[in-house]
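Numbering (full-length UniProt numbering), first residue to last: 1 to 573. Each residue gets a CB set at the ideal place from its N, CA and C atoms; glycine is no exception. Being a predicted model, the structure only gives us computed values, none of them experimental. One structure is given below, encoded as structure tokens.
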Amino acid sequence: MVLSGSDLDKTLLYIIKEIYRRLPCEKIFIISNESPKNNKIVIPDVNDSEDLSPIITPFSEINDNNNSNSQPFTRSQKIFNENLSVDISLNKYCDKVHKNVSTLSVEIRLDDNFWGWIKVHRSQNSIWCDSEIELLQQISNHISLAITYAKLFEEIGEKAIQIKAAEFANNAKTQILANTSHELRTPLGAIVGMIPSLEGTTLTTEQKDMLNIISNTADIVLSIVNDVLNVAKLEAKKFILVNKTFDLLNTLESTIIIFGKKAATKNIELIVNCEIDMLPRYVKSDPERLNHVLTHLLSNSVKFTKEGEIVLTISVQPREIFEEINVENSSYDQVVKKEKLYIQLSDTGIGINPEYLNHVWESFSQGDMSMTKKQDGAGLGLSICKNLVEINGGEIKVESQLGKGSKFSFTWNVELLTMASLSTETQFNKQTSYVLPHTIRKKRILIIHSAETLRNSVLNYLKSVEKVDTFDTFEKGIKAVKTYKELYDQFTYDIVFIGLYENNKEETINFILELKESLIDSNNLVIIFVVFPIHERIVLARELMEKFLGTFVVYTPITLNKLINQFMYMEIT
Numbered sequence: 001m002v003l004s005g006s007d008l009d010k011t012l013l014y015i016i017k018e019i020y021r022r023l024p025c026e027k028i029f030i031i032s033n034e035s036p037k038n039n040k041i042v043i044p045d046v047n048d049s050e051d052l053s054p055i056i057t058p059f060s061e062i063n064d065n066n067n068s069n070s071q072p073f074t075r076s077q078k079i080f081n082e083n084l085s086v087d088i089s090l091n092k093y094c095d096k097v098h099k100n101v102s103t104l105s106v107e108i109r110l111d112d113n114f115w116g117w118i119k120v121h122r123s124q125n126s127i128w129c130d131s132e133i134e135l136l137q138q139i140s141n142h143i144s145l146a147i148t149y150a151k152l153f154e155e156i157g158e159k160a161i162q163i164k165a166a167e168f169a170n171n172a173k174t175q176i177l178a179n180t181s182h183e184l185r186t187p188l189g190a191i192v193g194m195i196p197s198l199e200g201t202t203l204t205t206e207q208k209d210m211l212n213i214i215s216n217t218a219d220i221v222l223s224i225v226n227d228v229l230n231v232a233k234l235e236a237k238k239f240i241l242v243n244k245t246f247d248l249l250n251t252l253e254s255t256i257i258i259f260g261k262k263a264a265t266k267n268i269e270l271i272v273n274c275e276i277d278m279l280p281r282y283v284k285s286d287p288e289r290l291n292h293v294l295t296h297l298l299s300n301s302v303k304f305t306k307e308g309e310i311v312l313t314i315s316v317q318p319r320e321i322f323e324e325i326n327v328e329n330s331s332y333d334q335v336v337k338k339e340k341l342y343i344q345l346s347d348t349g350i351g352i353n354p355e356y357l358n359h360v361w362e363s364f365s366q367g368d369m370s371m372t373k374k375q376d377g378a379g380l381g382l383s384i385c386k387n388l389v390e391i392n393g394g395e396i397k398v399e400s401q402l403g404k405g406s407k408f409s410f411t412w413n414v415e416l417l418t419m420a421s422l423s424t425e426t427q428f429n430k431q432t433s434y435v436l437p438h439t440i441r442k443k444r445i446l447i448i449h450s451a452e453t454l455r456n457s458v459l460n461y462l463k464s465v466e467k468v469d470t471f472d473t474f475e476k477g478i479k480a481v482k483t484y485k486e487l488y489d490q491f492t493y494d495i496v497f498i499g500l501y502e503n504n505k506e507e508t509i510n511f512i513l514e515l516k517e518s519l520i521d522s523n524n525l526v527i528i529f530v531v532f533p534i535h536e537r538i539v540l541a542r543e544l545m546e547k548f549l550g551t552f553v554v555y556t557p558i559t560l561n562k563l564i565n566q567f568m569y570m571e572i573t
């Protein structure tokens with residue numbers, strides 16, 4: 001009964017009534033020792049007297065000397081008074097009844113702390129039995145349980161109310177964010193859309209600078225508004241992935257090129273490393289959301305990298321194969337293969353303090369604010385990424401060290417398409433894998449570039465080519481040419497990729513001249529300059545292209561489409 005109610009006052013009143021029914025006494029008080037505003041003095045009301053009919057117990061016959069269970073207390077009052085939990089006074093003035101009484105008081109303790117007293121009194125000089133004292137001590141323990149239970153119930157109730165209030169507040173916040181973001185996005189989109197029109201007009205240098213500031217600021221604000229709207233949709237559980245068929249690398253290329261240009265403005269190289277022989281060409285998934293995740297990760301890498309390089313690796317992790325019956329043509333089973341894309345982004349940026357790594361996925365989190373406070377953004381990007389990846393059934397991870405860069409990676413589930421399913425998709429090429437033109441696969445290619453990651457990137461694209469050699473210096477390249485000519489009395493390579501910088505201009509010119517001297521017909525040699533897309537190097541590339549025939553240029557970041565388009569252009573010209 002003590003643990004059945006949540007109202008402490010009612011429970012204590014019930015206990016007092018039960019004591020009245022079991023012990024002969026005049027008054028019972030339960031007095032708390034808490035702060036004055038919480039202080040409790042519980043005493044039955046006069047109107048409750050009809051409920052206090054006594055129960056016959058051994059304790060109600062304390063004056064009957066024949067009752068062996070009704071022994072007066074045999075321990076001295078000094079012993080009881082020395083026991084901190086019990087106090088007995090046979091003749092003590094009581095303010096509450098204005099007369100002398102015999103009082104038995106037992107401490108009420110809560111978690112080993114003193115909470116208050118339960119006090120019982122009757123006419124002065126009345127004695128108390130050991131069994132009565134023990135009963136009151138047991139009742140004190142029950143009161144402790146009742147207090148603990150009532151407090152827990154109160155805390156649970158308060159927390160339930162707080163959780164409900166938080167849910168209502170969060171829903172209201174989400175709706176406000178969604179409505180506000182939606183209203184802001186339309187005029188911001190108009191501003192962003194009008195800027196290119198102004199860029200095509202005649203402007204002074206000062207006006208161009210101001211227009212660049214407006215353009216950058218508008219992009220930042222529009223990005224934040226889109227992030228807030230996406231967070232609102234995610235929290236409202238209104239974000240649904242849409243499956244459609246798309247060309248994997250073509251879909252990601254536009255995002256890669258955009259951030260390649262942004263990285264170039266900071267003199268940072270963005271390198272794309274694709275396992276081209278393993279990647280499927282056409283997949284079924286949500287291309288917009290996949291690009292969304294990649295955009296956020298690339299944006300962070302460019303934002304927090306001051307120098308060095310950013311390497312984007314795209315590969316696959318085999319997942320599962322299962323059979324699915326073709327409903328439209330039940331005469332055969334269509335095998336559907338599902339795989340996980342594995343996308344990794346490594347940079348040489350500022351890195352993340354290890355103590356913040358567990359918080360990078362939280363909304364409005366920007367890690368170590370001392371390092372990110374100068375950067376734009378609301379700290380929503382990584383939270384959105386995590387939600388989108390998990391909705392797709394993938395997983396996103398981060399590894400980082402402060403001052404040594406970061407490595408973000410995530411998996412993205414896709415469905416591979418068979419030739420049978422592609423036959424209904426008239427807009428797609430029926431070739432299900434990425435293949436270089438046949439004429440290029442028969443060529444012999446040399447790559448000279450100082451950056452190993454970039455050499456490996458191009459090498460991955462050219463795995464199906466008959467012969468590809470890569471070197472980090474011109475000297476090694478010339479040595480390979482001469483060795484091959486001595487052995488086979490012919491020129492080694494048909495196409496040469498050269499990494500072009502301001503500080504290797506003369507070396508590049510001398511290298512090209514030496515190559516052409518080794519050829520009987522130098523017109524058959526194709527030279528492709530690999531150029532970082534900044535003004536100085538673009539100008540340098542054009543200068544050398546005017547100086548030497550049969551020279552072309554490909555700007556980083558190098559993608560498969562850029563290479564294929566370059567090869568096709570070479571064949572036409």
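Separation of residue j from residue i, as counted between CA atoms
{"i": "residue 64", "j": "residue 12", "result": "Low per-residue confidence applies at residue 64: pLDDT is 36, beneath 50, and the placement is therefore not dependable enough to give any value."}
{"i": "residue 565", "j": "residue 515", "result": "25 Å"}
{"i": "residue 455", "j": "residue 481", "result": "18 Å"}
{"i": "residue 560", "j": "residue 252", "result": "11 Å"}
{"i": "residue 15", "j": "residue 143", "result": "8 Å"}
{"i": "residue 370", "j": "residue 217", "result": "Its pLDDT being 45, under 50, residue 370 is placed unreliably by the model, and the measurement read from it follows with that caveat. Roughly 22 Å separates the two Cα atoms."}
{"i": "residue 558", "j": "residue 477", "result": "21 Å"}
{"i": "residue 311", "j": "residue 154", "result": "56 Å"}
{"i": "residue 408", "j": "residue 434", "result": "26 Å"}
{"i": "residue 401", "j": "residue 357", "result": "10 Å"}
{"i": "residue 89", "j": "residue 114", "result": "20 Å"}
{"i": "residue 129", "j": "residue 158", "result": "43 Å"}
{"i": "residue 307", "j": "residue 293", "result": "23 Å"}
{"i": "residue 512", "j": "residue 487", "result": "21 Å"}
{"i": "residue 443", "j": "residue 491", "result": "12 Å"}
{"i": "residue 26", "j": "residue 111", "result": "30 Å"}
Closer than 6 Å: residue i CB and nearest the ligand NAP heavy atom
{"i": "residue 544", "result": "With respect to small molecules bound, the structure shown includes none, and the ligand NAP cannot be examined in it."}
Nearest candidate by alpha-carbon position, reference residue i, set the options
{"i": "residue 280", "options": "337, 293, 502", "result": "337"}
{"i": "residue 100", "options": "125, 204, 112", "result": "125"}
{"i": "residue 510", "options": "491, 532, 539, 544", "result": "544"}
{"i": "residue 347", "options": "299, 536, 355, 362", "result": "299"}
{"i": "residue 313", "options": "20, 460, 488, 551", "result": "460"}
{"i": "residue 416", "options": "18, 518, 282, 190", "result": "282"}
{"i": "residue 359", "options": "399, 389, 388, 393", "result": "399"}
{"i": "residue 528", "options": "9, 519, 549", "result": "549"}
{"i": "residue 109", "options": "486, 188, 140", "result": "140"}
{"i": "residue 215", "options": "194, 293, 206", "result": "194"}
{"i": "residue 95", "options": "131, 127, 150, 29", "result": "29"}
{"i": "residue 406", "options": "160, 107, 303", "result": "303"}
{"i": "residue 493", "options": "468, 508, 505", "result": "468"}
{"i": "residue 350", "options": "403, 203, 393", "result": "403"}
{"i": "residue 289", "options": "259, 262, 386", "result": "386"}
{"i": "residue 9", "options": "284, 149, 107, 524", "result": "149"}
{"i": "residue 539", "options": "505, 445, 562", "result": "505"}
{"i": "residue 189", "options": "205, 221, 164", "result": "221"}
{"i": "residue 270", "options": "91, 257, 24, 92", "result": "257"}
Beta-carbon proximity check, residue i vs residue j, cutoff 7 Å
{"i": "residue 315", "j": "residue 342", "result": "yes"}
{"i": "residue 102", "j": "residue 122", "result": "yes"}
{"i": "residue 447", "j": "residue 465", "result": "no"}
{"i": "residue 526", "j": "residue 495", "result": "yes"}
{"i": "residue 243", "j": "residue 340", "result": "no"}
{"i": "residue 410", "j": "residue 396", "result": "yes"}
{"i": "residue 19", "j": "residue 116", "result": "no"}
{"i": "residue 440", "j": "residue 552", "result": "no"}
{"i": "residue 555", "j": "residue 531", "result": "yes"}
{"i": "residue 536", "j": "residue 507", "result": "no"}
{"i": "residue 259", "j": "residue 287", "result": "no"}
Extent of the continuous beta strand (DSSP E) run through residue i
{"i": "residue 121", "result": "113–123"}
{"i": "residue 469", "result": "467–471"}
{"i": "residue 247", "result": "244–247"}
{"i": "residue 33", "result": "Here residue 33 belongs to no beta strand (DSSP E), and DSSP marks it neither H nor E."}
{"i": "residue 92", "result": "86–94"}
Where the alpha helix (DSSP H) containing residue i begins and where it ends
{"i": "residue 387", "result": "381–392"}
{"i": "residue 550", "result": "Per DSSP, residue 550 belongs to no alpha helix (DSSP H) and is neither H nor E."}
{"i": "residue 409", "result": "Not the alpha helix (DSSP H): residue 409 falls in the beta strand (DSSP E), residues 406–416."}
{"i": "residue 454", "result": "452–461"}
Would you check if the stretch 439–451 and the stretch 459–479 touch, i.e. whether three or more CB-CB distances between them fall below 8 Å?
yes
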